[in-house]
Amino acid sequence: MCGIIGYIGDKQAQPILLGGLARLEYRGYDSCGVALAGGTLEVYKDAVRVEKLAKVSPQLDGTVGIAHTRWATHGEPSRVNAHPHLDCTGKIAVVHNGVINNYQRLKQQLISEGHKFVSETDTEVIPHLIEKYYEGDLEKAVEAALREVEGSYAIIVLMADEPGLVAARKDSPLIIGIGDRENFIASDVPAILGHTDRVIYLEEGDIVVVTGDSVRVSRDGVEVDWKEHKVSWSVEDAQKAGYEHFILKEIHEQPRVIRDTLGEYISAAEPIVDVADTSLESMLILACGTSYHAALVGKYIVEELLRIPVRAELASEFSYHGQSPATTMTIVITQSGETADTLKAMKKLKEAGCRVIAVTNVVGSSATRIAEQTVYIRAGPEISVAATKSFIAQLMALYWLALSYSVLDMRTRDSLIMELRQLPEKVQQVLNNEDMISECARYLSKYENAFFIGRGINFAIALEGALKLKEISYIHAEGYAAGELKHGPFALLSPDMPVIAIVAQDNTYEAMLTNIKEVKARGSPVIALAEEGDEVIGELADSVITVPQVAPIFSPVVNTVALQLLAYYTAKQRGCPIDFPRNLAKSVTVE
Ligand code: AGP
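Note that numbering that gives the first Met the number 0 gives residue 19 to position 20 of the sequence shown, counting from 1, and the numbers run on in steps of one.
Right, dumping it as structure tokens:
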């Protein structure tokens, strides 16, 4: 996810663009850049924050320009990979938010036609495609270029000697701000607040031509009317897109995150992991915190689909006591790519001759420099300290890795891939059930302790649900293997100890029902997560959170989102700060 902004009007564009970028940094902040048109294009960009760019960039004159703040997806943060990107002539500048899934093929085709590329980014193919099709009409050239692009985009195009800005969107947001003898184009409302409260929300597939006193929107080649909205948000509200907290926004971004992450993997020409010289006889997955819970889910997924033994271990423990033969495929999972415990374990694995694969959300992070291979997730910046969308994206990487090398028959594999691609809609169904989950949270928020229990693949989700609840609501929540509760923790069961039981329609179903009865018999209230259509659970549990029916192997995805919402609304009931809990940091860069 990145932030883009364009300005055209009667004022100097540079300060307006930089001010707007600063308010878009929640969308990405590893590098940024500005381009202004004044006869020729003047471009200034670097791998710095917006504040630094404002200090070091020269005074650029011009009343029309574009700017970008980046969350790297292809090509690490650097000046050459920063946006805006140019065509060969240096007359066309483009800023882009999104992921172009077929960029390698497009880039090879353009190179064969004589185009020269300088960056590692997917975005750079866009200005070259526009140059290829430009015959005097910029809008038509942009239309032709975008017909070749597969993936998501919100773009703004600036051409040195063209009077207006051209912009377009598909699967990435883009708005127009209407001013007096000036107009704005931006990823989101925060960028233009303070200049105007008059906004047009562009629709899917819209292409727009903007000058200082006109806005023309077309869709499928036909001009369409547009509707103006009045915005009453504060800047901070707008950065959260109207959500009360970043974590709630990030929870709701998960359908898009699944689409972006899977879209990248499914359309990639190569498998996401090259196992060429590693015999897939065993696997070790290391991580910390929520990422460790993803590793645990990965253990179940890979064991089921590849029929090989998998160890999931805490990186902080492995660094001191762990061993792994060099023949074992080793994967580390780290959202930030900077977790000290994980980096230390990676170095130990490398010293032992292991080939380490990193699954991370941050391009160019330390983990990517140690790993032999990196699998990027496309969660975008995760501002809230509590990991939510990055966890779901990590699961997508593990599902795709396992399905890519599964030993299943083709029909079963294809059926699972079809279900995998339906997960955005399944997650959306959980999100649509938010009010009912917040009712359960009202009930749970009165307690100071809680158990989360699950079996099989959902034991990991019991751990994750407990971690989410404890880190944002400060309730002492413990995740436990449901079958283990009777080996001691039963002593803690009482009317003051609620139990959240994750009940999946798999081979653990009957045992989970038994566990719920045992817990109820000892006085604890039970909140059960169960699939729609389960007619038994309502007789046993005090309250039920229903989740959509999915193949058991995908049940962690819908269960996790339900538990994220449960934790959020419980923390909200308890008046906690939520996005930035006490004592925690988003990236734990110390041991
Ligand atoms: C999760 O909500 C926590 N913020 C924390 O457990 C986190 O998952 C852990 O510190 C690992 O971070 P990483 O994925 O960036 O390595």
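A virtual CB, placed ideally from N, CA and C, is assigned to each residue, including glycine.
Segment limits, beta strand (DSSP E) that includes residue i
i	result
M328	M328 to T333
V165	L164 to K169
N432	No beta strand (DSSP E) holds N432; DSSP gives it neither H nor E.
G18	Looking at the DSSP string, G18 is not in any beta strand (DSSP E); the run it does join, the alpha helix (DSSP H), is A12 to A21.
A153	Y152 to M158
I110	Here I110 belongs to no beta strand (DSSP E); instead the alpha helix (DSSP H) covers Y102 to S111.
I174	I174 to I177
Which of helix, strand or coil DSSP assigns to residue i
i	result
T72	coil
I125	helix
I515	helix
L491	helix
T411	helix
N96	strand
E438	helix
I199	strand
E41	strand
F183	strand
T367	helix
T359	strand
I416	helix
L397	helix
F579	coil
S389	helix
K115	coil
Limits of the unbroken alpha helix (DSSP H) element including residue i
i	result
Q372	Element bounds for Q372: not the alpha helix (DSSP H) but the beta strand (DSSP E), Q372 to Y375.
A344	A339 to E350
A143	L137 to L145
I55	In the sequence on display, residue 55 carries Val and not Ile. Looking at the DSSP string, the run of the alpha helix (DSSP H) that includes V55 is V49 to V55.
H251	F245 to H251
F317	A314 to H320
Straight-line gap, residue i to residue j (C-alpha atoms, nearest Å)
i	j	result
I175	L192	12 angstroms
A490	V543	24 angstroms
Q107	H127	12 angstroms
A591	V498	In the structure as shown, the chain begins at 0 and stops at 590. Residue 591 is therefore absent and cannot be evaluated.
R225	G178	Per the sequence shown, residue 225 should be read as Trp rather than Arg. Going from the Cα of W225 to the Cα of G178 covers about 15 angstroms.
K10	A21	19 angstroms
M417	G27	32 angstroms
M496	Y567	19 angstroms
G537	R454	19 angstroms
L539	K571	28 angstroms
V309	I284	7 angstroms
I110	T341	39 angstroms
N100	P494	53 angstroms
P189	K139	30 angstroms
V114	V221	A quick correction: the sequence has His, not Val, at residue 114. Going from the Cα of H114 to the Cα of V221 covers about 31 angstroms.
A240	Q253	15 angstroms
V361	C287	16 angstroms
R258	L430	16 angstroms
R420	S56	44 angstroms
E517	P488	12 angstroms
A325	I300	22 angstroms
Bridge partners - residue i, DSSP secondary structure assignment
i	result
S217	I206 and E222
Y479	I452
V63	I7
V33	Y43 and A66
H84	V93
H228	V198
G2	T68
Minimum Cβ-Cβ distance from residue i to chain C less than 8 angstroms
i	result
A34	As a matter of chain content, chain C is missing from the structure shown, which is built from one protein chain.
key: Complete alpha helix (DSSP H) runs within the region 256 to 312 (minimum length 4 residues, chain order)   = 288 to 305
inquiry  = At 3 residues or longer, what runs of the beta strand (DSSP E) sit wholly inside the region 445 to 470?
reply    = The qualifying runs are 448 to 453.
key: Neighbourhood of the ligand ZN [Cβ distance below 5 angstroms to any heavy atom], ordered by chain position   = By its list of ligands, the structure shown excludes the ligand ZN, since it contains just the ligand AGP.
message = At 4 residues or longer, what runs of the alpha helix (DSSP H) sit wholly inside the region 496 to 560?
response = 508 to 520 and 536 to 539
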